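Following the numbering used here from start to finish, the sequence shown increments by one per residue and tops out at 294. We treat Cβ as the ideally placed atom computed from N, Cα and C, and that holds for glycine. Note that the structure is predicted; figures quoted are calculated from it, not measured. Presented below is the structure to which this report refers.
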Amino acid sequence: MTEAILQIRDLDLFYSKKQALNHITMDFYPNEITALIGPSGCGKSTLLRSINRMNDLIETVTITGSIMYKGENIYSPKVDTVELRKEIGMVFQQPNPFPFSIYENVVYGLRLKGERDKAVLDEAVETSLKAANIWDEVKDKLHSSALGLSGGQQQRVCIARVLAVKPAIILLDEPTSALDPISSGRVEETLLELKKNYTLLIVTHNMQQASRISDRTAFMLNGDLIEYNDTKSIFLTPQKQETEDYVAGKFG
Ligand SMILES: Nc1ncnc2c1ncn2[C@@H]1O[C@H](COP(=O)(O)OP(=O)(O)OP(=O)(O)O)[C@@H](O)[C@H]1O
Ligand SMILES: [Mg+2]
C-alpha cells in the first residue's frame with residue numbers, strides 16, 4: 043500500500059455562515075493524478091484552494107480540521123504559506139501568464155527567491171519548459187511576450203512557471219476548460235508525463251478527461267465527499283446512486 047502524500051481529516055470550511063465543505067476526510071497519493079468532479083458549486087475549487095491555503099486570502103473563511111503534509115498540519119501557525127505554495131503549486135482555469143517574456147514568466151519564482159545566476163536561470167527555463175511539453179514550440183522566442191502565445195501554449199507556460207520552483211504537488215483547477223480540444227489534449231499529455239515526478243490534483247467538469255487521465259476520482263456534492271475510489275470503479279461500478287446519476291450525465 044503506497045503511503046499518502048496528503049491526508050485531509052475532518053475538514054470543515056465556512057464562507058461566513060455558509061458551510062462549503064462538510065467534514066472532508068480523504069488521502070491523496072504520490073505520482074498519481076486525482077480528479078475532483080461534481081456539479082457547479084459543490085466545493086471542488088474550495089477544497090483545492092484549501093490544500094495550499096489560498097483560502098486564507100479570503101477574509102470570511104473559517105476552517106477546522108487538518109491537512110497533513112510531510113508530518114505537519116499545513117494549518118499549523120508555524121507553516122510559512124509562501125514556502126507551502128512553492129511546494130504545492132497551482133494552475134488556474136484561465137491561463138494567467140504575466141505580461142513579460144516567456145523566459146521571465148518561467149523564472150519569476152526564482153527571481154523572487156533572489157536567484158541571479160544566469161546559468162541557473164537558463165537551465166531552469168529549459169528544464170521547466172521541456173517538462174511542460176512546450177520547449178520545442180517556444181525555444182526560439184523565449185524573449186517574446188508570453189501574451190503572444192495561444193491559450194494552450196500559455197497554459198503550458200503557466201505549468202512551467204509552477205515547475206520552476208520545484209513543487210511536489212500541483213493543483214489544477216479546470217486547467218483545460220478555456221482551451222480548444224487540441225490544446226486540451228496537449229495539456230493532458232503534459233499532465234500524464236508530469237505524474238512520473240509530481241502528484242497532481244485536478245478539478246474537471248469533463249468526465250472523459252477524468253476517466254482518461256486520472257488514477258483516482260472523488261465525487262463531491264453540496265460540500266460532501268460522496269464517493270472516492272479508483273477512477274475505473276467510480277465510472278463503471280459506482281457505489282452510490284448520486285455518483286451513478288452524475289457520471290451518467292443525469293445532472294450537473
Ligand atoms: N469567495 C467566496 N465567498 C463566498 N462564498 C463562496 C466563495 N467561493 C465559493 N463560495 C461558495 O462556496 C460553494 C462552493 O464553491 P466552489 O467555487 O468551491 O464550487 P465549485 O465546485 O468549484 O464550482 P464550479 O464547478 O462552478 O467551479 C458555492 O456555494 C459558492 O457559492
Ligand atoms: Mg470551481
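#### Entry: heavy atom of ligand 1 below 6 Å from ASP62 C-beta
Rather than Asp, the amino acid found at residue 62 in this sequence is Ala. ALA62 Cβ: within cutoff of ligand 1.
### Cβ pair GLU216, GLN135 closer than 7 Å
For GLU216 and GLN135, yes; Cβs fall inside 7 Å.
### In DSSP terms, what ASP215 is bridged to
VAL245
### Environment of ALA252 [buried if 16+ CB atoms lie within 10 Å]
buried
### Message
Cutting at 8 Å between CB atoms, please list the residues of its own chain near MET262, excluding the five before and the five after it.
### Response
Same-chain partners within the cutoff: LEU78, ILE79, GLY80, CYS84, GLY85, LYS86, LEU89 and ILE268.
### Message
Taking 7 Å as the limit, name every residue whose beta carbon sits nearer than that to some heavy atom of ligand 2, in sequence order.
### Response
LYS86, SER87, ASP215, GLU216 and VAL245
### Task
Compare the C-alpha of ASN97 against each of ARG228, TYR71 and ARG127 and name the closest.
ARG127
#### Entry: Helix, strand or coil at ASP287 according to DSSP, with G and I counted as helix
DSSP places ASP287 in helix when its eight states are reduced to three.
### Message
If I measure Cβ to Cβ from PRO137 and keep anything under 6 Å in the same chain, skipping five residues before and after, which residues do I get?
### Response
GLY193, GLN196, GLN197 and CYS200
### Task
Note down, in chain order, each residue of its chain lying with its Cβ closer than 6 Å to the Cβ of GLY294, except the 5 sequence neighbours on either side.
Within its own chain, the residues whose Cβ lies closer than 6 Å to the Cβ of GLY294, once the five positions on either side in sequence are excluded, are PRO81 and TYR288, listed in chain order.
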